[in-house]
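Just so we're on the same page, the working numbering is the position in the sequence shown counted from 1, plus 4.
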Amino acid sequence: MQKKSKNKDTHKETVKQEKTVLNPGSFVGIVFLAAGIFNLPSIMKKPVTNSDWMMLVIVIFFIVLGLFAILLPKFIHKK
5 MQKKSKNKDT HKETVKQEKT VLNPGSFVGI VFLAAGIFNL PSIMKKPVTN SDWMMLVIVI
65 FFIVLGLFAI LLPKFIHKK
């Protein structure tokens with residue numbers, strides 16, 4: 005009887021360790037990162053008008069926000 009309970013306990017521990025990486029925060033981060041990367045071709049030219057500069061700011065914001073949403077929870081869990 006002891007062996008069965010030990011096997012169940014070790015199975016529960018391995019299931020707990022195999023936690024998925026894609027939580028809601030990571031999913032939102034991936035969406036923002038994809039939005040920024042998807043719009044990179046539109047900012048490859050030199051920004052001249054105000055709308056070009058605004059597009060540059062938005063794309064950089066999406067990329068930074070996506071990286072922030074993906075990496076911040078990992079730093080919080082380490083401490």
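Beta carbons: idealized from backbone N, C-alpha and C, even for Gly.
CB-CB length for residue i against residue j, believed under 8 Å
| i | j | result |
| --- | --- | --- |
| Met37 | Val63 | Note on identity: in this sequence residue 37 is Leu, with Met being the wrong assignment. Not quite, the Cβ-Cβ distance comes to about 11 Å (not below 8 Å), so this is no contact. |
| Ile74 | Ile34 | 7 Å |
| Phe66 | Gly40 | 3 Å |
| Met59 | Ile47 | 6 Å |
Same chain only: Cβ atoms within 6 Å of residue i, ignoring 5 sequence neighbours per side
| i | result |
| --- | --- |
| Glu69 | According to the sequence displayed, residue 69 carries Leu and not Glu. Counting only Cβ-Cβ distances below 6 Å, and skipping sequence neighbours, we find Phe36. |
| Leu51 | Reading off the sequence shown, one finds Pro at residue 51, where the question assumed Leu. Counting only Cβ-Cβ distances below 6 Å, and skipping sequence neighbours, we find Trp57 and Leu60. |
Delimiting residues of the alpha helix (DSSP H) encompassing residue i
| i | result |
| --- | --- |
| Leu60 | Asn54 to Lys82 |
| Pro144 | With the chain covering only 5 through 83, there is no way to say anything about residue 144. |
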